[in-house]
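Below: the structure, in structure tokens.
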Amino acid sequence: MDDLNAWWAALAGLAIGIAVGFTTRRARLCSFGAIEDALVGSDTRRLRVFGLALGIAIAGTQFLVLTGLLDPQATSYVPGALPWIGIAFGGVMFGLGMALVGTCAFGSCIRLGSGDLRSLVVLLVFGITAYAMLRGTLATYRIAFGEAWALAIPHSGQADLPGLIEPLLGLSSRALLAAGIAAILIALAVADTRLRKARRLLAAGVVLGAGVIGGWLATQFLVDEFQQAARPQSLTFVAPVAITLHGLLLDGATLLNFGTGSIVGVILGAFAAARAGDEFRWEAFDDAREMKRHLLGAVLMGAGGVLCGGCTIGQGITAGSLMALSFPLAVAGMMIGARLGIAFLVEGRALFFLPRRPARSRLGGGRRARS
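For the sequence shown, the positions run 9 to 379 when this note's numbering is used.
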């Protein structure tokens, strides 16, 4: 029965990952591409799609919370104290690494499914670094720096928006906050005339938001709490990549979980979309300089992702669906880091061992950006 429960959770992750990977690849949706479009090109359409996904995820997730089907404090995103320094600094690191790679961890899975072998190298280095931060040689420094200074949440001891506001108001505000935020985010997406015509983008946003809700349900009800700790989780691509790599190398039994299933599903979904669109192409590094940039970016994303508690999907949508206080800190840090990375690349400034040389925009407009 243990294996059966684990298989159900893994299969649920696989199914959700396939749906998300397929629609995201077909829509050429990328979180870093959305940030670059908005900051450099003043085009907010892809950013609005992520807002649509977040709005749907908030509406569904908060419904689960209000009906007692999900306890936010049982997740890793709503602790009693907020390690704000680690989250903010880790977000900047992740954003900078994302700029150097040209996409995030989720985007690397999409690219790998499309035949980009550079993403295989990125995911390997990313996973190794993330695991070292989680449970390896760097874990001591993570705890000493990232978790030492945590801000205790007064009164409620719950690091989400309702936990912060409700003690001040003296009444329940979760339903009103969820409805208001979700409505605004969804309205910002559907109000854009050009975006309404981009059906693939809208479909990707809807599926991504629904996938986060499905993840909460799958890990809440398909895991036997008598056999293992029932800690609800949903889509994220930091710790699951690290744990998947560890499982492949050392302990295959740990591969039967929702996170690993979702990673494999995203890669398979992207592969199916690329093949269906006759867009599957094997790609590799152009030169040593490009490889060094990707390796450095992978290390920064791995370390930063663990410090801030997630990636652009894990913090940007999954934590956001819980209205966790870590969400704005992490996302702001990622956007700042991404903006710094864009400036470094566009202006050709040296970054450690990178030579001074004008660089092309890595996402948003190029052919590699669209995966």
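We put the beta carbon where it would ideally sit given N, CA and C, even for glycine.
Span of the alpha helix (DSSP H) around residue i
i	result
Ala67	Arg53 to Leu74
Trp224	Arg207 to Phe229
Glu44	Ser39 to Val48
Ala187	Arg182 to Val198
Glu155	Unbroken run through Glu155: none, as it is neither H nor E.
Arg163	For clarity, residue 163 is His in the given sequence; the question names Arg instead. From DSSP, His163 is part of no alpha helix (DSSP H); its letter is neither H nor E.
Gly178	Where Gly178 is concerned, there is no enclosing alpha helix (DSSP H), given that its DSSP letter is neither H nor E.
Pro248	Ala247 to Leu257
Given residue i as reference, the closest of the options once Cα atoms are compared
i	options	result
Met342	Ala96, Cys38 and Gly63	Ala96
Leu74	Val48, Arg182, Gly88 and Arg301	Arg182
Ile151	Ile251, Leu308 and Ile93	Ile93
Ala340	Ser127, Thr52, Met101 and Gly222	Met101
Ala2	Leu60, Ile64 and Ala82	With the chain running from 9 to 379 in the structure shown, residue 2 is simply not present.
Leu3	Val198, Arg208 and Leu104	Since the first and last residues shown for the chain are 9 and 379, residue 3 lies out of range.
Ala167	Val130, Gln81, Leu258 and Arg202	Gln81
Leu216	Gly324, Ala206 and Arg143	Gly324
Leu303	Leu125, Ala158 and Ser84	Leu125
Glu291	Val48, Val129, Leu146 and Leu257	Val129
Val28	Phe288, Ala158, Ile194 and Val272	Val272
Glu287	Tyr149, Asp51, Ile118 and Leu176	Ile118
Gly154	Leu353, Ala351, Ala199 and Ser334	Ser334
Val314	Tyr85, Gly76 and Leu78	Tyr85
Arg301	Val133, Gln70, Gly144 and Leu172	Val133
Leu353	Ser127, Leu120 and Arg297	Arg297
Thr83	Gly68, Ser180, Ser116 and Arg239	Arg239
Tyr139	Trp16, Thr326, Leu258 and Met299	Leu258
Trp16	Asp294, Gly260 and Val231	Val231
Beta-carbon separation (whole angstroms), residue i vs residue j, contact threshold 8 Å
i	j	result
Met106	Ala311	At roughly 13 Å, the Cβ-Cβ gap does not stay under 8 Å, so Met106 and Ala311 are not in contact.
Thr227	Gln241	5 Å
Cys316	Gly98	3 Å
Val220	Leu243	5 Å
Thr111	Phe40	5 Å
Leu90	Ile161	7 Å
Ala206	Arg53	7 Å
Ile350	Val48	6 Å
Ile64	Ala218	6 Å
Thr137	Ala306	7 Å
Leu72	Trp224	6 Å
Residue j beta carbon less than 7 Å from that of residue i
i	j	result
Gly345	Leu62	no
Thr262	Gly255	yes
Phe114	Ala281	no
Cys319	Val249	no
Ala211	Arg33	no
Phe266	Gly21	yes
Leu37	Ala46	no
Leu264	Ala23	no
Leu468	Met331	The structure shown does not extend to residue 468, since the chain spans only 9 to 379, so no value can be given for it.
Ile275	Ala186	no
Arg289	Gly123	yes
heavy atom of the ligand ATP below 6 Å from residue i C-beta
i	result
Asn13	The ligand ATP is not part of this structure, which contains no ligands at all.
Alpha helix (DSSP H) segments (min. 4 residues) lying fully within the segment 269–329: Runs found: 296–316.
Could you pull out every unbroken alpha helix (DSSP H) segment of at least 4 residues lying fully inside the segment 87–134, listed in chain order? The qualifying runs are 92–109 and 113–121.
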